Every structure is written in C-alpha cells, then in structure tokens.
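These notes are about the structure you will find just below.
Residue numbers (the numbering used here): 1120 to 1993.
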C-alpha cells in the first residue's frame, strides 16, 4: 500500500514563524502580564485590558507597548522553536504508517510543550520581569534594558538557579497550552473540513477563514485551561527572593479571591487566536517561497561544505557524492542542491545503481550500493508522477491546472473532496486530470484519452452534485443526476470503489447497478434519492425498458472505455441510454485509452461542441513500459517458451493475455500442472463470484500469475503489475495498448512481452510501429517488413487458434473421452427397456444368438442326401 510522504516542519522555521506572530501580539502579552502581576499600590486589583493599555500609553507613550520585545523574541526562538519542531517531528514519526490516533497526537503535543517550557524558561523570566516593571513599586523594579542585559544581571545576582525560577509551573502551563492549543487546533480544523456548519449548512473551505475559526476555538480552550498556571507562573517569576508556588497561590486566593486564577484571560484569549493564525496560516503556505527565492537569487549552497547541516535535516548520513554536475531545475521546482528538506516533487523516477556499477567500484562499495537500494525500495510505492505531452483540440479550451489547490481556488471545490484526495494519496493531477477536469467543469462535452481518466471525470461530477438528493435543500430536480457506464462489471466495481473514496463525509447515494439494486430502485421513493449510478449498459437498458428507471434529470453521463462502448456490441444500448437522458443541460463525456476512427466519429456525433484531449501520442502506450517482441515458430512453441521464462526470476504479479476463454482455462491448467505457483484465471465465462474472487486475490497480492482474456484489459487498475505477456498476438493496435496498459501505471516502470508466430508475421509491422513510437527498440528486420493493407489489418484478430495450448495433452484427453463414450454406449445397449404393452424387448445381442440357434436346429432336422443320387450324378 502506498504511504503518503510526511513533510517535516523544520525547527528553525517554526521559531521564525512564531517570532513574526509575537511581533504583532506583544502588546497583548504585555497587558496580560501586567494584569497578572499588578501591585495594589499601582492601581486596581482587578484591572481591565483597556485600562491597562490606556494607563501604559498615557504614562510612557505608544512605544511602551513594546517594552520587553527583545525578551519576547528570545522566548519565541526558544520556547516556540522547540515545542513546534518537536511536535512536528513526533507527529511525522507517529504518522509514518498512516494517520496517527488523536490520543497519540495529544500526548506528543504535551511532551513537546514540556520540552518547550524547559528550553524557554529563562526567556520567560526576562519577559515577565521586563513587562511587569511598570505596575510594580519603584523599589521592586528590575530595570532590565534588554534581554541580553537582563540575562547577564539575572546570572550575576541569582546564579544558574535563577534561570529556572518557576520552572514547574511554566512546564505545567506549556503542557496544558500545547495539549489544548496545538492538539485542538488540528482537531477543529479536521472537523470543519469534514462537516458542514449545522445552522447555516455551509461548508468551510481550506483557507484563511478556516484557520482563523480553528485558531479562535483552539485559543478559547487553551486560554481557559492554562489560565491558573499562567497567573501563578507570572507571580513566581516576578517575585523577589525565594517563594514557593503553594505559598503564592494561597496568599493570592486569600487576598484577591478566586478571580485571581483567571487574571489576564481576555488579552490571553485575544492573543492566542492571531498568534496561531499568523504562525500556521501565513507562514506555512509561504515556507517554500523562501527556498525558491534562495535558488533564484544567486545564492549557492555547497552541500560538501555544509555536509553536517545537510545530514541534520535529512536525519541520516549523507550518501557518497557522485561525480556529476547538477543541472538547472525547471521553473517552479527546487534545484537538487536545495532539496535537502525533500520538498520538491515531480520528475522521472531515478534509476538505481546497477550491479555492474557496484562491482566496478575499486574501493569495494557494493554493500553501500545495496544499502542504498534497500533505502530506496519503499519509494517505489509512491514514485513521482511523470508528465506527458498533452494536446487539445476544440474551441474555448479552459486553462489547465497544475495542482489540486488551483482547482479549489478556481472552481470552489468542496474541501471534503480535496481532503479525501489527499487521504488516498492523490498529490498532483496527472496530464489528463490537469486538462480534463477544467474542461468538464466548464464545457458541455469532452473526449479525452490518456491516463488517470477515472479521477478526471469523478472529481468534476461529484463536485457538481452539491447537496445529496435525499436532502431537502437540493434544487436539482428529482431523480438520478449522473450516470457512469463501463463495459464490464469488474470495471464498474472499480469505479464504484473510487467514488466511495471521494464521497467520504458526504451522504450521497452512489449505486453500483446490479440485479439486486435494480429490484430496490423499482420503488420511486427510493429511486428519487439516488445521486449517481454506475452500471454496464445492458443492465441499465433492461430497467429502462421495464419502466423501473427514469433518466430525465441526468446532468452528467460518462462513457468509460469508449472504444468498447461504441462498438457493435454496446452501441445500441448506449444510444438508448443517452436518448433517455433528456435534460437540456446534460453533459456527455467520452473517455478511453484508445479511440479508433470509427468510434471517434460516433463519439463526435453524440457530443456538442466537443473538446478533444490527447495525452502523449494517439494509440501509443506510455514510455515507462519496456516493450519487446519474442518469436515462437508456432502456437505449440509458446508454452515451452513461457515456462522457460517463468522458471527464471521474474517480478510478480504477471498478467498473461490470451485470445479466448478456452485457451485461458487451458493455459492456467498447464501452468499449474508444471508447478508455477499462485496461478489464477479470469474471463467472461466464469461466474460472477469466481471473477470477483480472482480480482480480489489479485488486489491482495495472492495471485502471482493471472491468465486473462480481453476482459482484464479494459480499465482494470492493478498498480502493482510489473509485467504483461501477450501469449496470443493482440487483435488490434487498440487491443495491444489496452493490454500492456495494465502495467506502468501511476508513474511506475513496467515490462511487456509479445509472442508472435509465423501466422502473426503479416501484422507484426503494425505493432512494431506502436512500440517504436513509445520509445522502445525494435529489430531492424521487423521495420523492413511491408506495411499490411487495410484489408489485411481487418484479418488481424481472426487468426484461428486451437482451444488447447498443449495439443499433446489434448489428444490424451480426447482418447479418454472417446473410450468413456464407447463404454457408456455398451452399457446402454445391454440394458432392458420395457415397452408400453409390458413385453420384454430382448437386446440385439440376445436376438442374434437366438437366430443362430434356430438356424442350427433347422440344419439338424433336414434329411441327409442319398448315395444313389451321388452315384447317378457321377
């Protein structure tokens, strides 16, 4: 399972962010401390925030509001630096294998708060003393000019012990503060993203408003929880001489009452919200811009000179530098020299060091290379997504987007959709997604082909659904609002699963159409609450013809694997479904990895002002797939070739495609008989339960070899498939692209092998051209073959092949069947059959015996010839 990479929050970055916030909120800190430590001779025992600020400005001017700012900055660079950095490091560690439980995050926040309180205690003492001097009698003032002079004076007068005055209450306050502020901030932000506000039914988007509300709520909780410890800390740190916390607490309660425990609550509450907003909202989105400016501003970072710093931020020892020069990074990306925080994304996957390179190292560093490979192995679960060439054709084509955040800003996508995308590992749109989603959001019809198609139509469709149909607030009519058609049930089931992932947190009713759900939707009250239907065409048409389904309210209809949906098998059914979608604003979208000319012509006739998007080259597989052709003389030579290949080390799971159902079953049996482990079979002749079990085993990694027909080549997404073998030559170029497209998915490298015989030779040039266009090599003699004519290409999928892949085993089986049939016929011939009249009809063998016996009896009863007759005859 792919694991999302955790982004670390550097220690110094947190300190800088907190310092920026402190510069804005320092007057509130000053008012809070003065309210907590005010002496009875300096004013009222329980002053208000406004009165403290007015008194400060009146006595010493506006500049006095920033008294003790140097101590405040020092405090943020120690306390906030440690607590934020420690919390993010702990959070990243806890979330390494998935989202961490809330209780674990809360504990991490408390521990990091205690560490921050310990590190920032000296700065806290200086801050309290410098800001409280104004409300103390002149003889009790400390008169520190700045943080540095105060630190020196504190050490000289009180020694090292003075640096930790009030440490217990300060750490208690820090634990309560982090446990309530940092932990509740994440909690409130998650709740607001996943749920709508009850009274106004509004979904807050991820932006300044969300972070502001989360900060206010977290600040309310934090201020109330840690107010008593905060007041006691200020009293202890500002006091002269040795004092005990219990003594200070009892004296204050006796003289000032319980209100003492919440002195300074108002400025503390006002301060926590802006502080958190400035720290987490303003600085976090711009943390990468600092590095971008460094990379573009002529600053050179020497990784060899500052190797210790690189190792510190990487968290592991730097690898041996390679003798290669760095190239300039593309626009918008970090150069490798500055990518020591692992923020930069994109680009093609890096090749691992090969064995030959390790063996050629004169210093014998093969073990080091192996360790690098082991370190890099987990990264294969989440490789960078490659960028492909994308072309568009049509009028009024919208501008493409590079990130999901750009989609949110442009089209106001709901936050729960983007949150679900991030939760399931979607980081950046693929080529088809960055172009197809904006077109679907703005245009009435689209015909894209390429990769990442499912999300390209699911995200716009689900964004347009709005409120669930069952909600009284929807104004989109009654009935189903979106339909997705797929050629196979397996593909429909896969699309349904992706829909459920995106719909988490919403109450949309998404139906995978089947016999059971069709019976349920006969009830109009149930049918009207359905938002989205995913189905195969035949099942949907049957319900339409029976009058159990109405599609007049459908606003979006999507045809996935359109080259199959628009062929003769499904065309009439698809046209009937489209004709039933009578809404004037219905949006039709056609998606396919390939689109032949005849299917494209039909698609264009269905669409209105269509826009065509092509990723890469038309009818060409991805360049990440290493393709090759293997010659086998005849059909009987394929099995030994395949067994020889599987006897060598290979990368499971492997998909093997054949041309018919009997051949799929026969090949799977042969592989099992020859000892190949974990072999499965998948074709349309299997029952629904058998197909679902086979697909499930494949997804769980229990199947190492899957033998399949074309049913598997249609949109099924198995990200772990490393190799595809075309045991039987593909029936067309589109069939070839669909087959090998099961590997090399999501940016991973793949391998495809195609067997061809003498019968396939006339069509070899067609497939060779496809392989050449995608970047793989083709033998020169194949390229010199004549190009097949149009009539010849039509015969490409009509090559007759035996039902058994091993004729020798088939002969033995036929002999056994023939002997069994003879045996059964003999047994049936000897049986006695009763006539309607009750007479026993004797079997033919007995009748023949009786006739033979009667003939012998007649011969015995006949008179013997006389001797006279014999003599007379001579």
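Idealized CB from N, CA, C, for every residue including glycine.
Owing to the predicted nature of the structure, the values given are computational and were not obtained by experimental measurement.
Cβ-based neighbour list, residue 1458, same chain, cut-off 8 angstroms, excluding 5 preceding and 5 following: With a pLDDT of 42 at residue 1458, under the threshold of 50, the predicted position of this residue should be treated as unreliable, though the coordinate-derived value follows. Closer than 8 angstroms at Cβ, skipping near neighbours: no residue.
Integer-rounded CB distance, given that residue 1225 should sit under 8 angstroms from residue 1298: 6 angstroms
Check residue 1264 in the structure and name its three-state DSSP category. coil
In whole angstroms, what is the alpha-carbon distance linking residue 1825 and residue 1801? 7 angstroms
Is DSSP giving residue 1460 helix, strand or coil here? Low per-residue confidence applies at residue 1460: pLDDT is 38, beneath 50, and the placement is therefore not dependable, though the value from the model is reported in the following sentence. Residue 1460 falls in the helix class under three-state DSSP.
Cα-Cα separation between residue 1721 and residue 1820, rounded to whole angstroms: 39 angstroms
Excluding the five sequence neighbours on either side, which residues of its own chain have a C-beta within less than 6 angstroms of the C-beta of residue 1291, listed in chain order? 1348
Rounded to a whole number of angstroms, what is the C-alpha to C-alpha distance between residue 1879 and residue 1918? 8 angstroms
Using a 10 Å radius around the Cβ and a threshold of 16 neighbouring Cβ atoms, would you call residue 1692 buried or exposed? buried
Which residue or residues does DSSP assign as beta-bridge partners of residue 1321? 1316
Classify residue 1157 as helix, strand or coil using the three-state DSSP reduction. coil
For residue 1795, name the three-state secondary structure that DSSP assigns. coil
Rounded to whole angstroms, what's the CA-CA distance from residue 1171 to residue 1147? Just pull it up for me. 10 angstroms
Run the CB neighbour count on residue 1278, radius 10 Å, all protein chains shown included, and call it buried at 16 or more, exposed below. exposed
Buried/exposed call for residue 1794, threshold 16 Cβ in 10 Å: exposed
Using alpha carbons as the reference points, say which of 1311, 1936, 1847 lies closest to residue 1751. 1847
Under 7 angstroms from any heavy atom of the ligand FMN, does the C-beta of residue 1207 make it? This structure lacks the ligand FMN; in fact it carries no ligand of any kind.
Between residue 1340 and residue 1351, is the Cβ-Cβ spacing less than 8 angstroms? no
Three-state secondary structure (DSSP) at residue 1228? helix
Beta-carbon proximity check, residue 1304 vs residue 1268, cutoff 8 angstroms: no
Between residue 1138 and residue 1201, is the Cβ-Cβ spacing less than 8 angstroms? no
Residue closest to residue 1601, alpha-carbon to alpha-carbon, out of 1581, 1612, 1295: 1581
Flag this pair as yes or no: are the beta carbons of residue 1699 and residue 1657 separated by less than 8 angstroms? no
Separation of residue 1783 from residue 1791, as counted between CA atoms: 12 angstroms
Cα separation between residue 1781 and residue 1923? 7 angstroms
Nonlocal neighbours in the same chain, by C-beta distance under 8 angstroms from residue 1745, ignoring five residues either side: 1868, 1869, 1870, 1871, 1895
Buried or exposed, going by whether 16 or more other CB atoms sit within 10 Å of the CB of residue 1377? exposed
Use the C-beta contact count for residue 1810: other C-beta atoms within 10 angstroms, 16 or more gives buried, fewer gives exposed. buried
Simplified DSSP state of residue 1869, which is helix, strand or coil: strand
Under the three-state DSSP convention, the category residue 1801 falls into: strand
Considering Cα atoms alone, identify which of 1384, 1608, 1909, 1822 is closest to residue 1808. 1608
DSSP state of residue 1223, grouped into three classes? helix
Sorted by chain position, which residues of the same chain lie with C-beta nearer than 7 angstroms to residue 1194's C-beta, five sequence neighbours on each side aside? 1239, 1242, 1243, 1246
Hey, would you say residue 1680 sits closer than 8 angstroms to residue 1724, going by beta carbons? no
Tell me which residues share the same chain as residue 1695 and place their Cβ nearer than 6 angstroms to its Cβ, disregarding the 5 neighbours each side in the sequence. 1660
Enumerate in chain order the residues of its own chain whose CB-to-CB distance from residue 1168 is below 6 angstroms, with the five nearest sequence positions on each side excluded. 1150, 1385, 1386
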